[in-house]
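For reference, each letter of the sequence shown is one residue, going 1 to 292 in UniProt numbering. Presented below is the structure to which this report refers.
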Amino acid sequence: MKNNELLTRIRNAFPNAKSLNGPSTDTAEEKVLSFAGAWLAFRKNDLTAEQLTILQTLSDQNFDDQRSTNPWYRFLTHQTNDVPNSAEQIKQVRLIQIHLTFHDTTNTTELTTALKSLFNCIIASFYLNSRTLIIVQTKDQQVLSNDELESILQTVESDFFVKVQLFLGNFWPIDQQLPLIFNEEQAVFAKSTVPVSTLSSLALDYYARPQLRRSSLAQQLTTIIRQEADIQDVIIALYHNAGNLSSAAKQLFIHRNTLQYRLERFRDLTSFNLKNMDDLVLCYLLITSFND
Numbered sequence: 001m002k003n004n005e006l007l008t009r010i011r012n013a014f015p016n017a018k019s020l021n022g023p024s025t026d027t028a029e030e031k032v033l034s035f036a037g038a039w040l041a042f043r044k045n046d047l048t049a050e051q052l053t054i055l056q057t058l059s060d061q062n063f064d065d066q067r068s069t070n071p072w073y074r075f076l077t078h079q080t081n082d083v084p085n086s087a088e089q090i091k092q093v094r095l096i097q098i099h100l101t102f103h104d105t106t107n108t109t110e111l112t113t114a115l116k117s118l119f120n121c122i123i124a125s126f127y128l129n130s131r132t133l134i135i136v137q138t139k140d141q142q143v144l145s146n147d148e149l150e151s152i153l154q155t156v157e158s159d160f161f162v163k164v165q166l167f168l169g170n171f172w173p174i175d176q177q178l179p180l181i182f183n184e185e186q187a188v189f190a191k192s193t194v195p196v197s198t199l200s201s202l203a204l205d206y207y208a209r210p211q212l213r214r215s216s217l218a219q220q221l222t223t224i225i226r227q228e229a230d231i232q233d234v235i236i237a238l239y240h241n242a243g244n245l246s247s248a249a250k251q252l253f254i255h256r257n258t259l260q261y262r263l264e265r266f267r268d269l270t271s272f273n274l275k276n277m278d279d280l281v282l283c284y285l286l287i288t289s290f291n292d
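As structure tokens, then:
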């Protein structure tokens, strides 16, 4: 049975199951399991003992019994508070998440080797579920840029008939907070739609935009901003060029004086000065939060 088909059947069989944005822990009332990388919370009172056993058997948590002996898997999934021995003398690690979507039968051993070869200083790796490889990496002076990684991933995808999405976590101290940080980074990564992403590239979408979308004030501000034709492209170009007018004008294929005129007209209309970084960031957040 394909992963998506399994998930669909489970949702149909248990319509009261609550979809979660990312990993969570069990509560007194709910059992949390993941299927094909999607996290669901089931009310324990709604499940018979037999149903619970079947769900646990089909879940990602039952994917590979060998994980139960992997100290990093046990530590990061809250099964133990013991920091892995391999972390001795290591100050910080980052957790690299690699999400896989298979288009055909794939040799996962060779694929795993190819993906791990992209990184140095790996101290551990394991599959969180059948589609998610986790790599634990220490700091390395020689690292590939995001553009280089994205280019190499295109070759990997072609060779193994698989779609790859990669999330580069931040470097964190190895302590009791790390499993909680891992949970949050997983939830952040769930927002990604690009081949290579980082906490910085996804933070606005995860932390700021949901609150803005619930704000009547933000919705009204966005309506005011959009009264000015073509300003959205200007705001995005300025933001991506850190407010540099010359670089933004070049990206927009317009003269700098033309851009200057548009900014002055926009300021007269809305009172937002896009040369001011606070105003620019707010406008960028607004137009990208309500662009759908």
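Note that CB positions come from ideal geometry on N, CA and C, so glycine has one too.
At a cut-off of 4 residues, the continuous stretches assigned as alpha helix (DSSP H) that sit fully inside the region 41 to 84 are 49 to 58 and 71 to 76. The continuous alpha helix (DSSP H) containing residue 189 extends over residues 178 to 189.
Within the same chain, and ignoring the five residues on either side of residue 106 in sequence, the residues whose Cβ sits closer than 7 Å to its Cβ are 160, 161 and 162. Beta-carbon to beta-carbon, residue 283 and residue 269 are separated by about 12 Å, too far to satisfy the 8 Å threshold. Judged by DSSP in its simplified three-state form, residue 221 adopts helix. Here the alpha carbon of residue 104 sits roughly 45 Å from the alpha carbon of residue 218.
DSSP, read as helix, strand or coil, puts residue 266 in helix. Per DSSP, residue 103 lies in no alpha helix (DSSP H) and is assigned neither H nor E.
Judged by beta-carbon spacing, residue 96 lies within the 7 Å limit of residue 168, meaning their Cβ atoms are closer than that value. When DSSP states are grouped into helix, strand and coil, residue 257 belongs to the helix group. Secondary structure of residue 16 (DSSP, three-state): coil.
For residue 237, the uninterrupted alpha helix (DSSP H) run begins and ends at 231 to 240, by DSSP. In the three-state scheme derived from DSSP, where H, G and I count as helix and E and B as strand, residue 227 is classed as coil. Between residue 221 and residue 237 a beta carbon distance of about 20 Å is seen, past the 8 Å cut, so the two are scored as non-contacting. The continuous beta strand (DSSP E) containing residue 124 extends over residues 122 to 129. Straight-line spacing of the CA atoms in residue 54 and residue 40 works out to 15 Å.
With a threshold of 16 other beta carbon atoms within 10 Å, residue 23 meets it and is buried. Judged by beta-carbon spacing, residue 195 lies beyond the 7 Å limit of residue 76, meaning their Cβ atoms are not closer than that value.
In the structure shown, the three-state DSSP call for residue 162 is strand.
Under the three-state reduction of DSSP output, residue 139 falls in the coil class, being neither helix nor strand. Rounded to the nearest whole angstrom, the CA to CA distance from residue 135 to residue 115 is 10 Å. DSSP, reduced to helix, strand and coil, places residue 287 within a helical segment of the structure shown. Residue 92 sits in a strand when the DSSP states are folded into three classes.
Judged by their CB atoms, residue 153 and residue 164 are nearer to each other than the 7 Å cut-off. In terms of Cβ geometry, residue 127 and residue 118 do not form a close pair [threshold 7 Å]. Distance check between residue 56 and each of 129, 85, 113 and 279 places 129 closest, using alpha-carbon atoms only. Per DSSP, the beta bridge partners of residue 31 are 42.
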